[in-house]
Amino acid sequence: MLVPVNWLKEYVNIDDISIEELEERLVMSGSKTECVLKTAREVEGVVVGKIVEVVKHPNADKLLITKVDVGENVVQIVTGAQNIKEGDIVPVALVGAKLPGGIKIKKGKLRGEVSNGMLCSAEELGFTENVVPKESKNGIFILNGEFVLGQDIKKALDLNDYIIEFEITPNRPDCLSMIGMARETAATFKRELKYPAINIVNEIEDINDYISIEVKDKDLCRRYAVRAVKDVKIAPSPMWLQLKLMKAGVRPINNIVDITNYVMLEYGIPLHAFDLDKLCGKKILVRRAVEGEIIKTLDGVERKLNQNHLVIADSERPVAIAGVMGGEDTEVTESTKTILLECANFNKTSIRNTSRGIGLRTEASSRFEKGIDPNIIQTALNRVCQLIQELNAGKVIKGVIDIYENKLEKKCIKVRPERVNNLIGIKLSTDEMIDILSRLELEVKEKENVLEVVVPTFRQDLQQEIDFVEEVARIYGYDIINSTLPKGAVWGAKTNAQEIESYTKNILYSLGFNEISTYSFVGPKSLDMIKIPEESFLRRTVKLINPLGEEYSIMRTTLIPSMMEVLTKNINRNVKQAFAFEIGRVFIPHEVPVKTLPIEKKVLTMGMYGDDVDFFDLKGAVCTIFERLGIKDYEFIPEKNYLTFHPGRCATIVYGNHILGNLGEIHPDVMENYGIDNRIYVADIDFDMILGLTRLDRVYKPLPKYPSTSRDMALVVKEEVYAKDIEDIIRENGGKILEKYRLFDVYRGKQIPDGYKSMAYSLTFRALDRTLTDEEVNKVYDKILKELMEKLNAKLR
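According to the numbering used here, the residues represented by the sequence shown are 346 to 1142, in order.
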């Protein structure tokens, strides 16, 4: 839900509240925000201008030369836009103006003609393409109405505004409206809520002379009401109305459609306008569709219906799919003279099934399927009629046809103040609770230490006492409730696997990693992105029967694509360095198709990038995890056949006969698929196997009584010899007295032949029961050196 703050101020006075405080307080009172956007944030130096002359460019067929009055003077501007004419009011970016994307307007010439600025499109003022009116799409933003020439465009169009995007939970459909969010704002800041004053004058004739209504399937339509308007004048909406819709994410169409959309955003209930003259028999019938019945909807698509779909029909055919979309045959067009305004309350389950069944989800269906208050229908209809009168767009027919037999009544629920305080852990007085609930427009009476709360029908989520505990807590303020320990006996405890998982996460936190959480649903394309071969077992996926879309159509078999997406987003947002991990599940179907759930396996995936990050940083992090989990005797084996990774910078982690996972640098081709050129390092580890190998028990080992002695060994070996090859020989021949070994230098230079390298190791020797002699140490040292020379053709440097 997009809420323009200046529009919100029309219902509740918050002029003295900063945007930062407004967002923070609304979040704390339960209204989760996605983001806050400032309109026209990067726009400077753009003014209102009037085109006084348009002539063709003498040297270019597709260019026009315009003279534009910008108040104090007239400037010449060359443009390629074809949707302008003399007399148009337009936004003008003067020389020195700034536009989104870092664009700065300079004086210049186009094909020999001087251009002192630029005529602006709506997109260049910061609006997205999907909200731009059709007449201004791919062209200049044409303004209608009275404007002061030369005035700053942000002031003229009310673009000094903020837009807050709220995430509305399914249980709060009342908040899918400006008035709903204004009600939350008023309750949060203890302000008065101002409802629109609705007054319709000069109604004529009688609606019953124009239309008759019959609701056949009342189980699917609780309430159905209509009003009519004649002598309709279809025209573009005034600029104030267009801009409110655009800032709220809705494209302006014409005055009638825009008014219905405006009221939908204002009150949260969809409305629809029919061309009444196109309704056969001047009758509306709300019924189930006939099996195989076809309707062409407003998007131009023919849709086949069945008896589970509810339709709005005239005497001959369906004219709308109830709660989803109107039909093309009765669409309001420029020739429309009489309209029928519909506002209804449909069964939310029916609308959800219909929308899903025909594959069409609209703004209307998304609201109806959450449940809408049927008691605001007449208010919404009257509001539309009022605005039509104010815009001089038609004459309102007297009367409302309203079929509403099963009326939704208010509920009265008893709430115990003592219970509220005990559950929240505060000490509010009864009067303070009454004040909080009253600010939410709940009717409250105290009777014998119990609050009797009458719930308005727009709050269908308030069903029992516990719901009011939450209301009191969120408006009182979660942030000012003191933290207390829970009371009572604790019966649960973490399992061993959960303890190991928590411990592993703490290790990763200490290493500087941040935990991420991604969706289990992915698309087949994700496997293509990381170059998984067609024959790979990772391609054997669990497919969803009814996915949300192609990108969420299968269950993931690897977490690497999700990790790559997260790291790519960070790179694209100029985050210089990132360390991330996820412990999540992958889903493997059974070898033989069976009607059982897939095998779920936990995987630890780690990813990192940065200027000073390389393969060994990732390897070091993996080794630290294994060390702290008590896992020993694992090996890193070079891996060249894993296409996701760079063939020379990838290793497989092996424990005995088991593969624990892989780690390495992502292949350049994969990086290209994600559109980035940073080096990314990823580890993919079987966490279920880690759980089985972990040993968290620790045995005390006393400090050694006898001294150690060390020897250094600098070996010249061929370039293709791995450190692991050398270390295997050192470990196998070191016997009981070899305590540890460490590679401390790798050198390539003038003293070393081409194709060779020098690798220097420090070897530490110690015996637990005696002081070692030189002879004992030299014997082992010589044995190690001999094996290195024989097996690796190594030479002492």
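C-beta atoms are modelled at their ideal positions from N, C-alpha and C, and glycine is treated no differently.
Per-residue burial, residue i [other beta carbons within 10 Å of its own, 16 or more giving buried]
i, result
"GLU1017", "exposed"
"CYS995", "buried"
"TRP585", "exposed"
"MET1134", "exposed"
"ASN727", "buried"
"ASN794", "exposed"
"ASN917", "exposed"
"LEU732", "buried"
"PRO1047", "exposed"
"ASN600", "buried"
"TYR540", "exposed"
"HIS1012", "buried"
Spatial distance of residue i from residue j (CA atoms)
i, j, result
"ARG1040", "ALA842", "12 Å"
"GLY672", "VAL574", "19 Å"
"ASN653", "PRO906", "40 Å"
"VAL608", "LEU988", "55 Å"
"ASP824", "GLY770", "13 Å"
"ASN516", "ASP812", "12 Å"
"ALA665", "ASP659", "10 Å"
"ALA385", "ILE826", "39 Å"
"PRO1052", "GLU1121", "14 Å"
"LEU444", "MET591", "19 Å"
"VAL741", "LYS623", "19 Å"
"LEU1008", "ASP1029", "6 Å"
"ILE629", "LEU588", "34 Å"
"LEU1192", "THR675", "The question about residue 1192 has no answer, for the chain in this structure spans 346 to 1142."
"PRO663", "LYS693", "20 Å"
"ALA467", "ASN489", "14 Å"
"VAL1091", "PRO1098", "14 Å"
"ALA593", "PHE960", "47 Å"
"ASN428", "ILE508", "29 Å"
"TYR1101", "ILE1075", "20 Å"
"VAL631", "LEU655", "7 Å"
"ALA570", "VAL745", "7 Å"
"VAL397", "VAL920", "49 Å"
Unbroken alpha helix (DSSP H) run spanning residue i, endpoints
i, result
"GLY965", "960–973"
"ASN690", "Run containing ASN690: none in the alpha helix (DSSP H); it sits in the beta strand (DSSP E), 684–691."
"GLN843", "841–855"
"GLY525", "523–534"
Cβ pair residue i, residue j closer than 8 Å
i, j, result
"SER1103", "ARG1087", "no"
"ILE657", "LEU650", "no"
"SER695", "SER710", "no"
"ILE779", "THR969", "no"
"ALA438", "CYS566", "no"
"VAL493", "VAL393", "yes"
"LYS395", "VAL413", "yes"
"GLU510", "CYS625", "no"
"PHE926", "GLU860", "yes"
"ARG901", "PRO934", "no"
"LEU408", "LEU464", "no"
"ASP1031", "GLY1001", "no"
"ILE614", "ILE717", "yes"
"CYS730", "ILE545", "yes"
"ASP576", "LYS743", "no"
"PRO1049", "ARG1115", "no"
Terminal residues of the beta strand (DSSP E) in which residue i lies
i, result
"ARG370", "Element bounds for ARG370: not the beta strand (DSSP E) but the alpha helix (DSSP H), 364–373."
"MET323", "Since the first and last residues shown for the chain are 346 and 1142, residue 323 lies out of range."
"LYS1050", "From DSSP, LYS1050 is part of no beta strand (DSSP E); its letter is neither H nor E."
"ASN1007", "1003–1011"
"MET346", "Run containing MET346: none; DSSP gives neither H nor E here."
"PRO983", "979–983"
"ILE552", "Looking at the DSSP string, ILE552 is not in any beta strand (DSSP E), and its letter there is neither H nor E."
"SER460", "458–460"
Residue i - partner residues in DSSP beta bridges
i, result
"TYR1101", "LYS1063"
"MET951", "PHE926, ALA1028"
"PHE866", "MET900"
"MET1034", "Answer is none; MET1034 lacks a bridge partner."
"MET670", "ILE666"
"HIS617", "GLU687"
"SER1107", "ASP1057, ARG1087"
Contact test: residue i Cβ vs the ligand FMN heavy atom, cutoff 7 Å
i, result
"TYR1045", "Among the ligands in the structure shown, none appear at all, so the ligand FMN cannot be discussed."
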